[in-house]
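2 protein chains.
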Amino acid sequence: MNELERVDAYWRAANYLSVGQIYLLDNPLLKEPLRPEHVKPRLLGHWGTTPGLNFCFAHLNRVIERRDQDMIYIAGPGHGGPATVAHAWLEGTYSRLYPEVSQDEAGMRRLFRQFSFPGGIPSHAAPETPGSINEGGELGYSLAHAYGAAFDNPGLVVACVVGDGEAETGALATSWHSGKFLNPETDGAVLPILHLNGYKIAGPTVLARIPEPELIKLMEGYGYRPHVVAGDDPAAVHRLMAETMDTVFDQIAEVRAGSGDRPPMIVLRTPKGWTGPKRVDGRPVEGTWRAHQVPLTGVREDAGRRAALEEWMRSYRPEELFDGDGAPAEDVAALVPKGRRRMSANPHANGGELLRPLVLPDFRGYAAEVKAPASAATEPTRVLGAFLRDVIVANPDNFRLLGPDETDSNRLSAVFEVTGRVWEAEGLETDENLAPDGRVMEVLSEHLCQGWLEGYLLTGRHGLFNSYEAFIHVVDSMFNQHAKWLEASRRIPWRRPVASLNYLLSSHVWRQDHNGFSHQDPGFLDVVVNKKATVVRVYLPPDTNTLLSVADHCLRSRDYVNVVVAGKQPVLDLLPMQDAVAHCTRGLGILPWASTDEGHEPDVVLACAGDVPTLETLAAADLLRRHLPELKVRVVNVVDLMRLQPASEHPHGLSDDAYDALFTPDKPVIFNFHGYPSLIHRLTYRRNGHDNMHVRGYKEEGTTTTPFDMVMMNDIDRFHLVIDVIDRVPGLGDRCARLRQDMADERARARAHTREHGEDLPEIRDWNWPH
Amino acid sequence: MNELERVDAYWRAANYLSVGQIYLLDNPLLKEPLRPEHVKPRLLGHWGTTPGLNFCFAHLNRVIERRDQDMIYIAGPGHGGPATVAHAWLEGTYSRLYPEVSQDEAGMRRLFRQFSFPGGIPSHAAPETPGSINEGGELGYSLAHAYGAAFDNPGLVVACVVGDGEAETGALATSWHSGKFLNPETDGAVLPILHLNGYKIAGPTVLARIPEPELIKLMEGYGYRPHVVAGDDPAAVHRLMAETMDTVFDQIAEVRAGSGDRPPMIVLRTPKGWTGPKRVDGRPVEGTWRAHQVPLTGVREDAGRRAALEEWMRSYRPEELFDGDGAPAEDVAALVPKGRRRMSANPHANGGELLRPLVLPDFRGYAAEVKAPASAATEPTRVLGAFLRDVIVANPDNFRLLGPDETDSNRLSAVFEVTGRVWEAEGLETDENLAPDGRVMEVLSEHLCQGWLEGYLLTGRHGLFNSYEAFIHVVDSMFNQHAKWLEASRRIPWRRPVASLNYLLSSHVWRQDHNGFSHQDPGFLDVVVNKKATVVRVYLPPDTNTLLSVADHCLRSRDYVNVVVAGKQPVLDLLPMQDAVAHCTRGLGILPWASTDEGHEPDVVLACAGDVPTLETLAAADLLRRHLPELKVRVVNVVDLMRLQPASEHPHGLSDDAYDALFTPDKPVIFNFHGYPSLIHRLTYRRNGHDNMHVRGYKEEGTTTTPFDMVMMNDIDRFHLVIDVIDRVPGLGDRCARLRQDMADERARARAHTREHGEDLPEIRDWNWPH
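Below, the structure is given as structure tokens:
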């Protein structure tokens, strides 16, 4: 066989194995005529995209062999799972990782049977798939993942097949612009292969149905040099694809060498379900939407269909592709690269293998000095910025800070002392802090921030995504999918742990008074907590030092999604660093200086989580100390939200005894919370004394106003908390009617002041702590 | 003044009013030198984009006057709220709707003071803004809203300014393709104006920094004829913009007449903060990111800054623009169109004014015949498809069905008997069900489906969005923003009610066994319930007839977001239509034929919500009837989830008495729920007997398997429910150890069967109901 014949043989072998996975339980080599019991009772899988994915695999293997190219493969239409699995099996990786799926007839039988079968493997490219860093279910994130993988990986090419269905999604549509953020010298290259097979599930696709000149302009407009490979005659398309690949990889090398040219991409136009059944029941199938999933149905029951399936499978000439024992024949195996050059075994696609721990400066060195609790204020994210600046210095090639143009707005500006925003497009004199190899990535697309970061993490690096709290909902679905990826990966022994995905949500609900109702939404936490306790962590550090401690912890952690909510406005410094570390380590605890229970059973517990609710709780405790000095008040602050859950529900969960020791089993608890109150009930409803828990939080009241008006609108303000205490501690109601009225009057005065002058309440300067 | 001088005067007036809104409390006409007390204590607002928005307004007004053009305006960079408000005030609309903000000096003072001021108005284009259908906060949805507004509105032009920051978002990036779904003859036209001012908050924007030929190709690739208007000399840019507008509206007319040409769009490149301060403290401001928000700060405190502000405001020559009493001068007023031609008063932008109720066929006519409960099965969404088909026939120009290529997959295919998928791009012989004026809109972008539908609804029409349940999270943030829009609109008397946004979530968590873990997520309901009870409704009809009743109700409702979760697989028909209507009207109720309490106090309540959980609950009730016939079991089904909340929390909430009458105050309740169990606890935690409630639901366990394995993995299966009853009804534990073991054995057998054969449990055919 010549080279292209070997490529064709590899392709036919992959196609044969793909059809087998969709259809067969047994008789994998077709050593006997197909009988009903050889066929799966329930036919599942997506054939339509699969031959195209296989075609790309085969040609990329040819390039790897010719150029000794370091390359990974991202299957955008990853519902073509049979292709990615077939490829890993042909390369021997599958059998190494799953020895029972050996490279022989018995292994091939297992390979077929397990696909989309209970107890088997998913029908999409998934964590279980060797060589994959992209789930093929939700669609839209392949190209962002590809760029994320390429950043800081000079020498690596990330081949990314983009489906023409997927290309209609918002996330993918903006991902094409990622090239403006990729440095041709210090980053790797991305080779997008836009695969036009013309149909989605039932309807046509946009990019396959615009005039080709328009499509070419679109790709040129996105900043690429497009190369079209089109046809349906395999031999002709093989020749064209091979030539095009040679051209394209030459161009990639030139771009890397600093030619300044636009990078290449390929438009591959081949029939949907290529090489599959041409017609079924007189209706066209190959090249149409009917080939999307299972083109021949009823195969187990219908002898004619069975014959058609057998004919289809035999059309790949399996006897040439596998030896008598089922192993890939020599000509097929010849196209398999060696060792780590195999795309299914490339360590970049199992990034934990390459993970280097971050070199972290001692966060204690950035501490805010706290001479007395709550006596001075700092801006937590501004201090964190200094820490991150030094993280960037110490880790120049494996840490990135991402966000939608909010690094300055979120007051992390110190990072710009040592690096800039990555920018490869045109610059102007009036620009500031841009750099072609910057460590900060800003683009007004949460999808790109998230997708890039996922790709960066899954290939063994580290990062932090900072965002306005309300708009992180833009990537709810991407968070969901990443959390599911992590959860599934945990159960796969060969997947090595990767760095956690860290969110810093600043510009949060209580400080978006000026931006108004549209910017006020703390609900991301609710989305997060729906995911498995094994992979999600939520932190609400109340001040600067606790934020530093939490950030250090998150940057060291593996395989989690860490969500940190912290304000950018000045907040009172509560805890000296040593106490802050202890508090964060416990995850929650009593603030003794703010409490008046002095080790005794309290009359009431004021609990709080989040910087603004904590401030209001402290102010309420202060008011109570002044006005009701005999009342025993305990103030409990919660940093690690998952501590509230029972230990049976979350690894961080407190034991019931420890919970009772803090919150008491039977005293009123007024819990002032950063987010929607229901989340606290959700976490604590199995706890003793839950009926005594009264939660304040955001109740979807908001507008353009002052910060203190925001807390009043939602009843989390100090005055309302005092009223809550009066209403809920037995016996206080009658005794304190006057104080209750005073508090109500104070609120009314504060509100009127805000409305009249547009000003906030003056800050409290004379705290009454017993220092 | 000649025409362009009048345009310039209008622009200067709008700019003056915009600056005044950002800065002034008093002295609106600068009748005296600015004193500190004339200036707001807290300076808020976004100047950078504002002069560009004003420039477009002025030139579009010129077009409206010349051509008597029906037109609305969408401000993509709607954080430039001062512009949209200034425009509405100049047009007199503002004073008509808010009489206290009159067109005189006193009104101008109020106009300035209220902007971004407590008790005033938001700093973004918002529901409060006359003429707006697009919130300017989150960014990204303007162009999709514009297309939604244009569909089925022949004669209307929707001018849509797209900011170059916003253009980086995923949603906006794919929105450019909307033209492939717009019929030039039966729909209106969209005129995108891509406004390049070069910067976001702090960094440059992508589209402003690619070579112009590349940008032109991009826009041509998206299917437009771009026209560039660029410059910083107002007189020159006025001339160019006016000429371009004339060309562009001629082209729009030609396209509408069937020329087949691509529609025009404008690229407007002007300085950020145009006409504002050129430099401050020696640093450039106009034309840079420093002009993004408030270009001059410290104005109240600093006399020099105050002088600079005064100079800036006087540069607009207010004495030419307003008469001595503050009303717009004649030359400014001359550019204001008449009546409904004013973009701020166009009824399309207050769509409720144009809303016609849907003509609805009697849904009872589509009922599944139910001879006995649970004796036959139908596919709920397939039957709903027939109803929707006839809704489409009866409402040919104001109802659309949208979805990401899932209409067939979700089994609503009957609609294709009478209409097709909208498709304006190229067609092939192998296509099916495409039509240039189709009523079904399919694109693999939930963002586009949602954005188009929002635009369509807000301009007074009706629609339904069907989606896979897991992937509706893609538009969590858009849902949030729309719910906030509805909530804010409710409080604005002049905003007329619009049709509700209806979601049909099919292909839900319990029937995505074959697609695997990535397709399994019922958490959208949790996101929805975070929003105000006044605007959200959640329905889980358990069978076909209840789905029909719910759908009819939703299509008649106004100003809500209705979420309907319903399966596409065959489910047992439980209720004859008359009972189904009664059940849906109550929202929840006892299924007497499945219960054995016969009007007495039950020993246990089996509650359920959702089709699959209901089936399992019925099967559990059947098992209990067989094995423990003396046990008094009550089966309660919940259709309207909001009924579970206290009446104080939601308008649909049951009274506590009614709740207790159904669920009992003290008996064990085993609640089998479609989604994450915490949602039921959240809704019921204030109810009596909440401590006795045990909720089963999705606990994030999933993989590629069979449907029954899915329910077993999450413990919502019939056998586990029986075990729950045994464990929770006092006294049963000891007595029923054998039955408990039998149930556990049944589960193990079912699981083994699934794993071995890839088959589901056989259906129950011999229900034990006492028919």
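Chains U and Y are the protein sequences, given in the same order.
Residue numbers for the first sequence, in full-length UniProt numbering: 1 to 771.
Residue numbers for the second sequence, in full-length UniProt numbering: 1 to 771.
Each residue gets a CB set at the ideal place from its N, CA and C atoms; glycine is no exception.
Treat the numbers as computed from the prediction; the structure is a model and nothing was measured.
- Under the three-state reduction of DSSP output, Asn346(U) falls in the coil class, being neither helix nor strand.
- Judged by DSSP in its simplified three-state form, Ser315(U) adopts coil rather than helix or strand.
- Here Lys667(U) is buried. Its C-beta has 16 or more other C-beta atoms within 10 Å.
- The region 633-652 of chain Y makes contact with the region 583-601 of chain Y, as at least three CB pairs between them are under 8 Å.
- If you draw a 10 Å sphere on the C-beta of Gly260(U), you find fewer than 16 other C-beta atoms in it, and that means exposed.
- For Val536(U), the nearest beta carbon of chain Y is not closer than 7 Å to its own beta carbon.
- For Tyr366(U), the three-state secondary structure derived from DSSP is helix.
- In this structure, Ala257(U) sits away from Gly455(U), with a CB-CB distance that is not shorter than 7 Å.
- For Asn466(Y), the beta-bridge partners assigned by DSSP are Leu504(Y).
- His583(U) does not reach chain Y, its nearest Cβ partner there being about 27 Å away, counting only Cβ pairs nearer than 8 Å.
- Arg42(U) places its beta carbon less than 7 Å from that of Gly758(Y).
- Within its own chain, the residues whose Cβ lies closer than 8 Å to the Cβ of Phe708(U), once the five positions on either side in sequence are excluded, are Asp717, Ala750, Thr754, Asp760, Leu761, listed in chain order.
- Look at the region 196-217 of chain U: the residues with a C-beta under 8 Å from a C-beta of chain Y are Gly198, Lys200, Ile201, Ala202, Gly203, Pro204, Thr205, Val206, Arg209, Ile210, Pro211, Glu214, Leu215, Ile216, Lys217.
- Cβ-Cβ distances below 6 Å link Ala435(Y) to Gly420 in the same chain, with the five nearest sequence neighbours on each side left out; the list follows chain order.
- Judged by DSSP secondary structure, Pro192(Y) falls within the beta strand (DSSP E) whose first and last residues are 189-196.
- The beta carbon of Glu442(Y) falls within 7 Å of a beta carbon belonging to chain U, placing the residue at that interface.
- Chain Y places a beta carbon closer than 7 Å to that of Leu44(U), counting this residue as a contact.
- Between the region 464-483 of chain Y and the region 194-206 of chain U, the count of C-beta pairs closer than 8 Å stays below three; the two stretches do not touch.
- Excluding its 5 nearest sequence neighbours in each direction, Gln512(U) has C-beta neighbours in its own chain below 6 Å: His519, Gln520, listed in chain order.
- Here DSSP, grouped into helix, strand and coil, assigns Cys584(U) to helix.
- For Asn466(U), none of the residues of chain Y pass the 9 Å Cβ criterion, the least Cβ distance being about 13 Å.
- Note on geometry: alpha-carbon atoms of Leu215(Y) and Gly223(U) lie some 9 Å from one another.
- For Gly324(Y), the number of other beta carbons within 10 angstroms of its own is below 16, and it is reported as exposed.
- Taking every protein chain shown into account, the CB of His124(Y) has 16 or more other CB atoms within 10 angstroms, so this residue is buried.
- In this structure, Tyr73(U) is the residue among Tyr73(U), Glu100(U), Gly107(U) with its C-alpha nearest to the C-alpha of Tyr147(U).
- Close partners of Lys180(Y) in chain U (Cβ separation under 8 Å): Val206, Arg209, Ile210.
- Straight-line spacing of the CA atoms in Glu311(Y) and Ile22(Y) works out to 15 Å.
- Boundaries for Pro234(U): no beta strand (DSSP E) harbours it, while the alpha helix (DSSP H) harbouring it runs 234-256, taken from the DSSP string.
- Out of Lys532(Y), Ser18(Y), Asp68(Y), the CA that lies nearest to the CA of Leu156(Y) is found in Asp68(Y).
- Within the same chain, Cβ atoms closer than 8 Å to the Cβ of Pro28(U) are found at Gly20, Glu105, Met108, Arg109, Leu111, Phe112, Gly326, the five residues on either side in sequence being excluded.
- In the displayed model, Thr754(U) falls within a helix according to three-state DSSP.
- Fully enclosed alpha helix (DSSP H) runs of no fewer than 4 residues occupy 678-684, 707-713, 718-728 of the region 674-734 of chain Y, in order along the chain.
- Assignment of Cys736(U) by DSSP, reduced to helix, strand and coil, places it in the coil class.
- The C-beta of Gly221(U) comes closer than 7 Å to at least one C-beta of chain Y.
- Beta-bridge partners assigned by DSSP to Val39(U): Leu24(U).
- The region 96-139 of chain U is shown to contain whole alpha helix (DSSP H) runs of 4 or more residues at 105-114, in chain order.
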